[in-house]
Every structure is written in structure tokens, then in C-alpha cells.
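Below is one structure, written out as C-alpha cells, with a few remarks after it.
Numbering (our numbering), first residue to last: 1 to 223.
Spelled out as C-alpha cells, the structure:
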């Protein structure tokens, strides 16, 4: 299998590590939780996609580019990290679900944001399969929504292991084509964008909206 051009690969690996450190500092990746994947290449560039993924169990604030995996779209390892004895993130199958059904997605982020977790518990029964938010300026930051639109973010139930979320995540991604995120109850969020910059900005915007909803303590929606 052909690897990503060396210089590009080195740059993207460093970027994955930098984003993980940033999200740790924001309180989104405490205790090795969460992670980042970035996709490059594709038919438009006349080459195969390559996906760079964070490893499992590595302190996010200490991660370096040499810890990052390069995979193909079948989740095969094209180039392992230089750091020995690492495993791909448990989030990896979930990231690939998004890449499969969102052809333009080039970055998927998973965080354990406290605001995201609390937003999934606003319904006292904890049975809601989505949260609705409207009439907030930051809606413009999540893609496909204006101030007075209704943002509906799907919520899926957590499972004992990350890979067991794949079927639910896939169903939610297909059911909510306008939304660039899926919440996992009492767990966190998966968010994506057409570039790493967009994914980061949208993830930050979602977090702001969830924080607002939680602080207002308003049931299922802000309608």
C-alpha cells in the first residue's frame, strides 16, 4: 500500500497530536479519553484516501506525531507509529462510519466534554433520542443552520465498549443529514467537518450551545 507523501504525513500526524493537546487543555480529553482523526487525499487529488488516527491510552497532553497511525479506508495500518506498542484508538470504527456516510468529511473529533454529557441528561427520563436548540447566534457555527433554524442533534445510548456504538452511530448519521454531530448519552460527542479547521470550529460551537442549554435548564429544547 502506498503511504501518504512523507512530508504531508509528518505534518498531519503533528496536527493530530496538537489538536489532542488542545482538547485536553479545554477539558474535553481528560484521562486519555477522546481523540482525533484527519483524512487526506481522495479521488479529487488522484490518489487514495489516508486517515491519520490518534492512538489508544496515550496522555493527550503528551502526544506527539510519532504516536499517530496512518490507515487506509479499510482500516488497515499503512504506517504504524514510530512509538512502539501502541494501539489505534477505540474510536476508530466510529470515525470510519462518519467517513463512509459523509463523503466530504475530512476530520472527525470525539470528546468527553462535560457540556455534551450533561446535554444528554436534560430529559429527566434520559430517553430522548435528540436535543433541539433554536434562536441562538452560535447556531451559525455548526453548519447548515441559521439563528432561527431548529438544530436537532441525535442522542444515542452509551455501551460498555466504543465499538458497540457503531450501528447506532451509523443510524443517527443517516437519519440526521443536516447535523454534523452525534451525542452519546453520559459519554460525549462525535463531530466532523469538511476540514480539520471546520470540524474544530463546529465542535467548539456545539459545545457552546450545549453549555447554554444546560445553564438554562430547559428540558429537551430551547424552542
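Note that beta-carbon positions come from the ideal geometry of N, C-alpha and C, so glycine has one too.
Alpha carbon to alpha carbon, how far is residue 84 from residue 68? 11 Å
Whole angstroms is fine: what's the gap from residue 70's alpha carbon to residue 50's? 7 Å
By DSSP, does residue 183 sit in helix, in strand, or in coil? strand
Which same chain residues end up closer than 7 Å to residue 65 when comparing Cβ atoms and leaving out the 5 residues on each side of it in sequence? 10, 13, 14 and 17
Below 7 Å CB to CB, which residues in the same chain sit around residue 219 once its five sequence neighbours on both sides are set aside? Confidence is the limiting factor: at residue 219 the pLDDT is only 47, short of 50, which leaves the residue's position unreliable, though a coordinate-based value still follows. Counting only Cβ-Cβ distances below 7 Å, and skipping sequence neighbours, we find 122 and 123.
So, do the segment 138 to 156 and the segment 178 to 192 have three or more beta carbon pairs nearer to each other than 8 Å? yes
Grab me the residues of residue 31's own chain with a C-beta within less than 8 Å of its C-beta, minus the 5 sequence neighbours each way, in chain order. none
Looking at the structure shown, is residue 136 part of a helix, part of a strand, or coil, going by DSSP? coil
For a quick check, are the C-beta atoms of residue 174 and residue 101 less than 9 Å apart? yes
In whole angstroms, what separates the C-alpha of residue 115 from that of residue 75? 31 Å
Output needed for residue 221: all residues of its chain with C-beta closer than 6 Å, excluding positions within five of it in sequence on either side, in chain order. Low confidence applies to residue 221: its pLDDT is 47, below 50, so where it sits in the model is not reliable, and the reading given next is rough at best. If we look at residue 221 and ignore the five residues flanking it on each side, its Cβ neighbours are 132.
Suppose the cutoff is 8 Å on Cβ atoms and the five residues either side in sequence are ignored; what does the same chain contact list for residue 25 look like? 61
Specify the secondary structure class of residue 146 as computed by DSSP and reduced to three states. coil
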